[in-house]
Structures are given as structure tokens and as C-alpha cells.
Amino acid sequence: MSRRPVGAVVTGTDTGVGKTVVSALLLAAVRHRGVAARRYWKPVQTGCPPDDDAAWVARAAGLASAEVVPGAIRLRTPASPFEAARLEGVRLVAPTALPSVPEGTFLVVEGAGGLLVPFDATTTSADLFVAWGLPLVVVARPTLGTMNHTLLTLEAARRRGLVVAGVVVAGPPTAAVLDAFRTHGAADLVAVVPTLDDPARDVAAAAAALVADPAFAALLDRLGAAAPGAPLPPARDLVARDAAVTWHPYTQHGLGRAPLAVVAAEGATLTLADGRRVLDGLSSWWTSLVGHGHPAIAAAIARQARVLDHVQFGGATHPPAVELAERLVALAPRGLARVFYSDDGSTAVEVALKLALAYHARRGAPHRTRFVALEHAYHGDTVGAMSVSDDGPFVADFRTVRFDVTRVPPPVRGADVAACVEALRARLAVEGDRVAAVVVEPLLLGAGGMLVYDEAYLRAVADLARRHGALFVADEVFTGFGRTGARFACGRAGVAPDLLCVSKALTGGTLPLAATLATAAVFDAFTSARTADAFLHGHSFTANPIACAAALAALDLLDDAAFARARAIGDRLGAGLASLRGDPRVADVRGLGLVRAVEVRVDSAAGPGGYLADTGRRMADAALEAGVFLRPLGDVVYAVPPLCVTDAEVDRIAAAMCAAVAAV
Ligand code: PLP
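Per the numbering used here, the sequence shown runs over residues 167 to 830.
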């Protein structure tokens, strides 16, 4: 995947405020920072001739012709692109993609006019800026009227989720102007550039002086033009500082294994502090389904943070929560009509368990307190969620507080579907009238070892639960939103749960958010004129607006094409692992949707198996050597790549999995 360039979109509070001079100053200044690759792009030039900003900037900043991005739209009329194109009878195609430039290039894109200048009948400059995803430099006049123009520009930019790196005032402003930008405009970085007598001649000298100006230098830093001698913090420092103060999940600190020092992520790639780039083969604990740093989600988060960051969801509501609930209900399996928000996969499950218990109590069956769950299940680490999870090292310390759960075997590793259905039938025949809910991970048991089971079994579970008056809870925290090649694993099997738990990919993997969806029947059991009948449960950050906005942006990306891509990724990964089938070291190769897993044979005499097997660490090291971040579940090495992986990256992940197997 090619990385987005660093640099800026230069816009102005008005026409003729000095955008072109500032563009040239930025490009000339980064030279002094040792940035070798520079590009200038003026996608639309109106009033041309005589105006030709590209030629002017090239001269003033000393750019070679290859450093000016070709193919600009040129219109003669000195007006907005929309107006000029209309008068000249030209049909404009909005340039929504940045030009492709070599990695590490510092790109300056100069807008036409100001932020809300119309490009065509439906697009303004701001819409293009959002699509490009580069930070803005807002060029402002120092003269009368600038306060209003600049503050309006800043407000409009932020409302659209645009990141304003700084304001550049072309010419000396008064103290009152500077103060207004900082206080009323919340501009934390205002740089002042001098008025040049002969701009074309003086840009180079002015830029040389500006690199020493603290505000202008800070602006260059923000735009990603790192100062020479100030590279990213060395990995060793970060890891040493980490070792002194943090406590990592599922980590034995006594072993002293260094974590990866990750300083940036984009798409499927993590950038490490030492400059290495590795593929995120697990989508960061299965969250980042669309890939890291997706511009649409980042813009939605920035926009929402400005408009409404948070408000408690008790006694208040807000647009992102309502819109997201509407969308989830429309997309979820039939019958689910209500959305209860929480924070992560564990709380989504915890809510479902508490709802199930309280639902039966409200309906006169308080004796329904048992849960039935699957062997190998994992539902989270809070007390309820770990109670319905299988036994194992994760829960060993908490036997005394875990509540008693009936566990039935799912048809995995070749077990017979009919026999497993029969086992559940037999259990429910004995204790079905005491069961509050049957809780399952549909079709794919994730943390239990990426174990896949038959759709017919899932249908039988749903059917048997209902027949015995128990609720059917589907935990789609892992499988939801396309990972199995369909929006929901339940949908693949044609079943509709009473309670559905979702999280992880809900926000595209950007922010913690979870939802437990319930049927109208469950909701109605809590609805009366008595407060005591309500579901008295909540969290400080329930329905956080920024997370809901991220989820809305993510849902736009998770459509049928995305699910088809999930299946294609899984097929390609599977093909890359074909050589492992029949390998004596390999017990099983399996998968569903985009997930693929290889279970290796572990010599039980050599130490503990399962999650505690040392095999996992050796496989992880071998995968990292091959440029892929994987974290095996003991003797199971698996990949859950983000949907944005290229075919070549899928092949690298498959090769890394093969290398991992070869290492044991
Ligand atoms: N449910 C399932 C199926 C999971 O896979 C997980 C986590 O991996 C959880 C629940 C718990 O989610 P979280 O780690 O966000 O609490």
C-alpha cells in the first residue's frame, strides 16, 4: 500500500491573500529541513492566462519541472472554478484523489480561492480538502476584516473535520488580530511571514530565515517535514520507558520480552520506531477491519469531536447515537429492534447476560439463572463474560467468582454435528427450564483457536434455545461486520438471535464502542410505569458521540463489496497455505471468511500446550522476521487481515504463516 504524502493544503481566507507566496515559502523552507522530494500541485487554475501559479511557485521555490504535478485544470475566466467552467462550457471532474508521489514526498496543494468556493454544482473546495486528507494551512490577511474572515474559515474547516495545522498571516498583524485568532479562533499555531518587496526574487531568502522562526518551524514539524537530526524517537527508548511504567494485557513481564514500538499505522501497515514497516496480520486484535487511518473515519472523528465530544446518555440523546441505532437495527438480523450501547466486547456480553437474567425475572421466571455456552468459547474478561467463556489459563485465578455454566461441545475439529446437537438437546431436556440464555460465538470460535463449525449446528442451537424458553445470544464481537464474508455470521446461517453483541469492527477499529441489540419482546419486558422495572445499567461513556460518528463512517465502508473482498482475501490466504495441508507438523488448516488458521502439532512431552505453549512465541518471532505481526494462540497461528490488504500483502502474510510453521 502506498502511503499518503506529507504536506499541506494551502487555502486562504479570501482571494489574493498570499496563498501562492506561502506555498512557495513552504516548499523552499522544507529544502532547508533536508526534505529531498517536493511537489507542488495546483489542481485548478482560473484566470489563466495571465495567472499561472504553478510556473510562479516553481521559479520562486526553485522547483524542477518534474516537481510540479502536471495536468491542472486551466480556465480563462477569473472566477470560481464552477462559474468559470459554466461560462466556458467545460465539464469539470472533481479531482478527489491526491496525485501519486514517491514515498516521503512533501506535497503542497494550493486551493482555488477560499474554503467554500464552489467547484461544481455539488462540491466546494472544502469537500475536496476532506477527500485529500492533508492538513490545512490557512493564509490570512493582516488587515481590517481579517478577524471575521479568518474565524469563519477556521470554524467551517473544523466543522468538516478538516485539521488546521496553522494560520499563516502574510504581513505583520496587530496584536489584537493575533489575539483574536488565538482566543476566538482557537488557532494554537499562528506564523507570520514578511511582506516581500519582490516575491519571486525574495522567497528563497525569506524561507531560509523562516526555518529559524519558532512558529514557522513548528508549522513545518506539524506538516511532517521533520527537522534534520530529529528523527522519530529511538525504539529502545520507548521500550525502556514502557518497561518502567506500563502493565500490558496477557503479558508476563517477568520474561522481559520487548513489545513492538509502533509509532504510526496506515492501511495494513504498522510503522515501528526503528523505521521498520510490518503488516498488521491481526488487524490489531481483530478491530481494524477497514485498515488503519481511514481518512473518512478520521474526518468523522475530528468533525464530531468539535461539534459534540460527549454527553451522558442517561436523560440525554444525540444525533450520532440515534442514527447509528437506526442503521444497526436496519442491518441486523430480523427482529432486533433496540440498541443498548456500551464500551467493548466484554461489556456487550455482560449486558446481554444481565438482560437475559432480568428479562426472565420480569416475566415471572426468576429461577432461570443458568447459562449454556460452548466449549472453547471466549466472550471476554469481565466476570460474567469470563464465566460463559471456557475454562483455561485466562480464568484459572477466578474460579471462585465465576458463576456455574453448562458447557456443551460444538462440532469442531471434525466432531459430528448430529452428536453435538444431541448433546445440547440432552442437556436442555434436563435443565432447559432453568436456563436464561444459550450464548454462542456463531460459526467461528475466535480466541478458542479459530475453530469453525457448521451452520446447521448454529440453526439447531437457536431452535433448541427457543423451544426451551431460553434466550439465544449471539456474540458477534469478532464475527460481525463482514469478517466471515457476510455482514453477520448469524445471517450466513439464516438465524436471528434475541440478543446480538457487537464491538471491535463497529468503529472500523478506531475507538472503543459496543452495542447489544435486543428484540422488541426483550425490551418490552423492561417497559412499565415503574422505574424499578427498567434495565438499571450504564457506563460513563455509553453511546459516546465521537465513537458513534466513527461507527457511522465505518458502516458506510462495510458493504457487499467489502464482504466479497473478505471472501477473496480468505481464498487467497488459503491458497497460500495449501502447501501446509498434509504436512506432518500441521494438525489442521482451517478458516472462514477472511480468517485463516494453522494448528501445529505440539509435542506434549515438551511442555504445556494450548495458549501456554512456547510454540506461539517462536512462530510470532518467525512471522515478524518475515515482516508480519502475528500473535499465535498457543499452537494456532492465524491471520485476520484488514480488508484493505493488497493481494501482494495477502501473499506476504501467507508466506509469514508458512515461515512460522517452519520455525517449530
Ligand atoms: N467476544 C468475542 C467473541 C471476542 O472475540 C472478544 C475478544 O476478543 C470479546 C467478546 C471481548 O471483547 P473485548 O476484548 O473488546 O472486551
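Where is the CB? At the ideal position from N, CA and C, for every residue including glycine.
Exercise for the section: Would you check whether the ligand PLP has a heavy atom nearer than 7 Å to the C-beta of residue 597? Expected result: no
Exercise for the section: Return the residue from the list 423, 419, 459 and 421 that minimises the CA-CA distance to residue 437. Expected result: The residue among 423, 419, 459 and 421 with its C-alpha nearest the C-alpha of residue 437 is 459.
Exercise for the section: Count the other C-beta atoms from every protein chain shown that fall within 10 angstroms of the C-beta of residue 710, then say buried if there are 16 or more, exposed otherwise. Expected result: buried
Practice task
Enumerate in chain order the residues of its own chain whose CB-to-CB distance from residue 640 is below 6 Å, with the five nearest sequence positions on each side excluded.
Solution key: 608, 656, 663 and 666
Practice task
Go ahead and label residue 276 buried or exposed: buried means 16 or more other beta carbons lie within 10 angstroms of its beta carbon, across all protein chains shown.
Solution key: buried
Exercise for the section: From the DSSP output, read off the bridge partner residues of residue 298. Expected result: Its beta-bridge partners do not exist; DSSP assigns none.
Problem - heavy atom of the ligand PLP below 7 Å from residue 512 C-beta - result: For the ligand PLP, a non-hydrogen atom lies closer than 7 Å to the CB of residue 512.
Problem - Spatial neighbours of residue 618 in its chain, beta-carbon cut-off 6 Å, leaving aside the 5 residues before and after - result: 610, 756 and 758
Exercise for the section: Could you tell me whether the segment 355 to 371 touches the segment 222 to 232, using the rule of 3 or more Cβ pairs below 8 Å? Expected result: yes
Practice task
For my contact list, residue 647 and residue 671 are in at a C-beta cut-off of 8 Å; report their separation, rounded to the angstrom.
Solution key: 4 Å
Handout entry: CA nearest to the CA of residue 188, picked from 248, 624 and 365
Key = 365
Exercise for the section: Spell out the partners DSSP gives residue 680 in its beta bridges. Expected result: Residue 680 is bridged to 508.
Handout entry: residue 630 versus residue 638 - alpha carbon distance
Key = Cα to Cα, residue 630 sits roughly 9 Å from residue 638.
Practice task
Within its chain, find whatever has a CB closer than 6 Å to the CB of residue 184; leave out the 5 residues flanking it on each side and keep chain order.
Solution key: 305 and 336
Problem - residue 168 - DSSP class collapsed to helix/strand/coil - result: Note that residue 168 scores 39 on pLDDT, short of 50, meaning its location in the model is unreliable; the coordinates nonetheless yield the value given after this. Looking at residue 168 - three-state DSSP - the assignment turns out to be coil, as it is neither helix nor strand.
Practice task
Could you check the C-alpha separation between residue 573 and residue 536 for me, to the nearest Å?
Solution key: 11 Å
Exercise for the section: Measure the C-alpha to C-alpha separation of residue 628 and residue 490 and round it to an integer number of angstroms. Expected result: 27 Å
Problem - Burial state of residue 408, where buried means 16 or more other Cβ atoms lie within 10 Å - result: With fewer than 16 other Cβ atoms within 10 Å, it is exposed.
Problem - Best match in 190, 198, 200 and 557 for proximity to residue 208 [C-alpha to C-alpha] - result: Considering only alpha carbons, the answer is 190.
Handout entry: Contact between the segment 805 to 821 and the segment 736 to 756 (3+ Cβ pairs under 8 Å)
Key = yes
Practice task
For the alpha helix (DSSP H) holding residue 347, just list the boundary residues, first then last.
Solution key: In the DSSP annotation of this structure, the continuous segment of the alpha helix (DSSP H) that includes residue 347 starts and ends at 341 to 349.
Problem - Assigned secondary structure, residue 765 (DSSP; H/G/I helix, E/B strand, else coil) - result: strand
Handout entry: residue 317 to residue 761 span [Cα, whole Å]
Key = 49 Å
Handout entry: Alpha carbon of residue 293 to alpha carbon of residue 732, nearest angstrom
Key = Between the C-alpha atoms of residue 293 and residue 732 there is a straight-line separation of about 30 Å.
Practice task
Using only alpha-carbon positions, find the residue among 579, 447 and 517 that is nearest to residue 551.
Solution key: 517
Exercise for the section: Go to residue 431, then tell me how far its beta strand (DSSP E) extends in each direction, as first and last residue. Expected result: 428 to 432
Practice task
State the DSSP-derived secondary structure class of residue 393, mapped to helix, strand or coil.
Solution key: Only weak support is given to the placement of residue 393: the predicted model assigns it a pLDDT of 48, under 50, and the question is left unresolved by the model.
Exercise for the section: Just the C-alpha distance for residue 469 and residue 172, rounded to the nearest angstrom, thanks. Expected result: Roughly 21 Å separates the two Cα atoms.
Handout entry: Alpha-carbon spacing of residue 508 relative to residue 514, whole angstroms
Key = 6 Å
Problem - DSSP state of residue 703 mapped onto helix, strand, coil - result: coil
Practice task
Determine the closest residue to residue 838 out of 430, 431 and 404, with distance taken between C-alpha atoms.
Solution key: Past the boundaries of the shown model lies residue 838; the chain is included only from 167 to 830, so the question cannot be answered.
Handout entry: 3 or more residues per run - each beta strand (DSSP E) lying fully within the segment 196 to 264
Key = 204 to 207
Handout entry: For residue 276, the three-state DSSP class (helix, strand or coil)
Key = strand
Practice task
Please find out if some non-hydrogen atom of the ligand ATP comes closer than 7 Å to the beta-carbon of residue 233.
Solution key: Questions concerning the ligand ATP fall outside what the structure shown contains, since the ligands it does hold are the ligand PLP.
Practice task
Return helix, strand or coil for residue 398, following the three-state DSSP convention.
Solution key: Legend: pLDDT at residue 398 = 42, less than 50; position of this residue unreliable, value from coordinates given subsequently. The answer is coil: DSSP assigns residue 398 none of H, G, I, E or B.
Exercise for the section: Let me know the secondary structure DSSP gives residue 438 once reduced to three states. Expected result: strand
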